[in-house]
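Quick note: the sequence shown, position 23, residue 261 per our numbering, numbers continuous.
Here is the structure we will look at, set down as structure tokens.
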Amino acid sequence: MMEPGKKQRLKINRIVSQGAYLSLPEVGGGKDREEVLLPGKQIPAGKKAGDEVEVFIYRDSEDRLISTTAEPFVTLHEVGRLKVKEVTKIGAFLDIGLERDLLLPYSEQTYEVKADRYVLAAMYVDKSGRLAATMKVYEYLSTSSPYKADDEVEGLVYEISRNFGAFVAVDNKYSALIPAKDLNGQVHAGDLIRARVTRVLEDGKLDLSVRKKAYLQLDIDGKAIMDYLKAQDGEIPFTDKADPEVIRDTFHMSKAAFKRAVGHLMKEGKVEIGAGSIRIVAEK
Numbered sequence: 239m240m241e242p243g244k245k246q247r248l249k250i251n252r253i254v255s256q257g258a259y260l261s262l263p264e265v266g267g268g269k270d271r272e273e274v275l276l277p278g279k280q281i282p283a284g285k286k287a288g289d290e291v292e293v294f295i296y297r298d299s300e301d302r303l304i305s306t307t308a309e310p311f312v313t314l315h316e317v318g319r320l321k322v323k324e325v326t327k328i329g330a331f332l333d334i335g336l337e338r339d340l341l342l343p344y345s346e347q348t349y350e351v352k353a354d355r356y357v358l359a360a361m362y363v364d365k366s367g368r369l370a371a372t373m374k375v376y377e378y379l380s381t382s383s384p385y386k387a388d389d390e391v392e393g394l395v396y397e398i399s400r401n402f403g404a405f406v407a408v409d410n411k412y413s414a415l416i417p418a419k420d421l422n423g424q425v426h427a428g429d430l431i432r433a434r435v436t437r438v439l440e441d442g443k444l445d446l447s448v449r450k451k452a453y454l455q456l457d458i459d460g461k462a463i464m465d466y467l468k469a470q471d472g473e474i475p476f477t478d479k480a481d482p483e484v485i486r487d488t489f490h491m492s493k494a495a496f497k498r499a500v501g502h503l504m505k506e507g508k509v510e511i512g513a514g515s516i517r518i519v520a521e522k
């Protein structure tokens, strides 16, 4: 059976003016055998009737099966970073390296996409039997990564969930998550990030953090607080007892991380806490 979205080795049955008609090698002759056209410009040099050729099967603009020897950027159930060619009323069209682009329906988008941007998407077959793209790639990602705890990785954030966190595709193919408690507004859907593996779950999925280990993060957080103080004439209008949301919105860090950094700055004699604010300590 010829399967749209997959590469298959087919036999050339006959060559005509518009190209070559192919069928599965194990299928015998007869008018009822399933055939697919390989356009003339796609026929490899020297190939003749009876030879086999590897092709990718898809549907043309008239919904007919057609084949190509061109290499698509993704095949069925594969995930890839694809360029948005255009956005229309029915969805976005993605460049997959073939003459026909792949439709990304609005229902399969996890955030608003724009022309000339890249998105992470997988190829699937929709209810009508047509090839389409989805940005909901969770089920298509691998859980067999080579990474371990404390490894630095690069990934694309493809979806944000308030309950679970930020879903990340490491190397565009491995399943990972930044848990909601560690987000603190630091990443957004579509971001390409560098992160640290905090643990590898039993099922192979990765938990990530965009923050360094606590002792390394202290200096980074402390610098962020000092930079903010200097930009605000030396004073923050709240203390380390402020609401966690206020701290998160201002510094993109948790209340615990903020308290640690402020405490560290106090020990260094750089800041002091007043009745309702944090101030830079004046130089003597």
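Think of the CB as a built atom: it goes at the ideal place given N, C-alpha and C, for glycine as much as any other residue.
Environment of residue i [buried if 16+ CB atoms lie within 10 Å]
| i | result |
| --- | --- |
| residue 348 | buried |
| residue 372 | buried |
| residue 459 | buried |
| residue 334 | buried |
| residue 328 | exposed |
| residue 296 | buried |
| residue 305 | buried |
| residue 420 | buried |
| residue 491 | buried |
| residue 405 | buried |
Minimum C-alpha distance to residue i - residue among the options
| i | options | result |
| --- | --- | --- |
| residue 414 | 327, 437 and 343 | 437 |
| residue 375 | 369, 244, 362 and 302 | 362 |
| residue 472 | 433, 493 and 512 | 512 |
| residue 382 | 495, 440, 430 and 405 | 440 |
| residue 345 | 259, 503 and 330 | 330 |
| residue 446 | 457, 432 and 456 | 432 |
| residue 311 | 302, 357, 291 and 301 | 357 |
| residue 398 | 272, 426 and 520 | 426 |
| residue 494 | 465, 364 and 456 | 456 |
Residues bridged to residue i [DSSP beta-bridge criterion]
| i | result |
| --- | --- |
| residue 319 | 358 |
| residue 245 | 294 |
| residue 331 | 324 and 341 |
| residue 481 | Answer by DSSP bridge pairing: none, since residue 481 is not bridged. |
| residue 407 | 394 and 413 |
| residue 304 | 275 and 296 |
| residue 530 | The shown model of the chain, from 239 to 522, leaves out residue 530, and the question about it has no answer. |
| residue 510 | 517 |
| residue 381 | Paired residue(s): none; residue 381 is not in a bridge. |
| residue 363 | 369 |
| residue 399 | 403 |
| residue 432 | 392 |
Alpha-carbon to alpha-carbon, residue j and residue i
| i | j | result |
| --- | --- | --- |
| residue 359 | residue 318 | 6 Å |
| residue 412 | residue 402 | 17 Å |
| residue 385 | residue 400 | 26 Å |
| residue 332 | residue 325 | 9 Å |
| residue 279 | residue 368 | 24 Å |
| residue 387 | residue 435 | 5 Å |
| residue 380 | residue 343 | 24 Å |
| residue 409 | residue 395 | 11 Å |
| residue 246 | residue 261 | 10 Å |
| residue 417 | residue 339 | 35 Å |
Any C-beta of chain C under 8 Å from that of residue i
| i | result |
| --- | --- |
| residue 500 | Although the question refers to chain C, the structure presented lacks it and comprises just one protein chain. |
Notebook entry, point to check: Curious, which full-length beta strand (DSSP E) runs of at least 3 residues does the region 434 to 479 contain?
Noted result: 444 to 447
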